[in-house]
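A.B. asks:
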Amino acid sequence: METKKIIWLIIGLAIFVVALSMVSFFLYGRPDIATRYSGVYPSATGFPGRFAFIIMPVMAIISILILILFVRFIMRMAGGSSCRRDMIYDNSEAILRERYAKGEISEEEYKTRLNNLKNH
Numbered sequence: 062m063e064t065k066k067i068i069w070l071i072i073g074l075a076i077f078v079v080a081l082s083m084v085s086f087f088l089y090g091r092p093d094i095a096t097r098y099s100g101v102y103p104s105a106t107g108f109p110g111r112f113a114f115i116i117m118p119v120m121a122i123i124s125i126l127i128l129i130l131f132v133r134f135i136m137r138m139a140g141g142s143s144c145r146r147d148m149i150y151d152n153s154e155a156i157l158r159e160r161y162a163k164g165e166i167s168e169e170e171y172k173t174r175l176n177n178l179k180n181h
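To convert a position in the sequence shown, counted from 1, into this note's numbering, add 61.
(1) How is the alpha helix (DSSP H) around E169 delimited, first residue to last?
(2) My understanding is that L175 touches E154, with C-beta atoms under 8 Å, so please give their C-beta distance in whole angstroms.
(3) What's the C-alpha gap between G164 and N177?
(4) Rank F77, S82, A139 and I122 by C-alpha distance to the C-alpha of K66 and give the top, closest one.
(5) Classify G164 as helix, strand or coil using the three-state DSSP reduction.
(6) Put A139 into one of helix, strand or coil per three-state DSSP.
(7) Determine, using beta carbons only, whether I166 and R158 come nearer to each other than 8 Å.
(8) Are the beta-carbon atoms of T135 and L70 separated by less than 8 Å?
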């Protein structure tokens, strides 16, 4: 089940990248034929022109944030953050079993504490 989610997530990311590329193409476009042959630098005449110094860092920051969120989401789906909680629970249960095996706690106390662990 997890593999299917990861595959769909990768497909979604690929679609997002293609859509972002298309939007970028339509916003910035290709330079005019006149600017291609006249030697004028195309971005000085295109959309971002004077505001490119603002748009480019903002887009870079947004892209980095999206990448970080994507990696974090993948890690959570793979059990990255919940895995730690499970390890702590398993460790607590192992300690409880060990104390019961040594005779430090009674069977009734063991069952009560085990039930408390499972409920919290």
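Built from N, CA and C at the ideal position, the CB exists for glycine as well.
C.D. replies: Concretely, from the data shown:
(1) Counting along the chain, the alpha helix (DSSP H) containing E169 begins and ends at E168 to N180.
(2) Correct: roughly 7 Å between the Cβ atoms.
(3) Between the C-alpha atoms of G164 and N177 there is a straight-line separation of about 19 Å.
(4) The option with the nearest alpha carbon to K66 is A139.
(5) Under the three-state reduction of DSSP output, G164 falls in the coil class, being neither helix nor strand.
(6) Correct three-state label for A139: coil.
(7) Their beta carbons are not under 8 Å apart, which means I166 does not touch R158 by this criterion.
(8) Looking at the sequence shown, residue 135 is not Thr but Ile. Contact: yes.
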